[in-house]
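Everything in the sequence shown is counted per my numbering, starting at -8 for the first residue and increasing by one.
Following: one structure in structure tokens, then a few remarks.
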Amino acid sequence: MRRGCGKHPTRKNIVINSKLPFRERAKTILHEVAHFLLHHANYLRPVFLDHKSFVAGLEKEADYFAYLLMQEWLEEEGL
């Protein structure tokens, strides 16, 4: 499993590395939920990017979504 999340070729599961610190697990879960919410219907969008640029954009978008959801919690924890 690379970083914090892995995927299975035939199942639609999110698998989180339990050895990660709590904050990193929470961020990883939110990142993967963002992919589902924001990118589930990508086949409907016209895409004029190469695959590498497209995937990089999806990852940045999911990271930003997770950050926005965690921002208040991070501030409360003083992180």
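Virtual Cβ for every residue (Gly too), placed ideally from N, Cα, C.
Asked: Rounded Cβ spacing between residue 53 and residue 26 (contact assumed at less than 8 Å); Found: 5 Å
Asked: Exposed unless 16 or more other CB atoms sit within 10 angstroms - verdict on residue 19; Found: buried
Asked: Among 4, 13, 11, the one whose alpha carbon lies nearest that of residue 23; Found: 4
Asked: Alpha carbon of residue 61 to alpha carbon of residue 50, nearest angstrom; Found: 16 Å
Asked: Own chain residues within Cβ distance below 6 Å of residue 56, not counting five before or after; Found: 25
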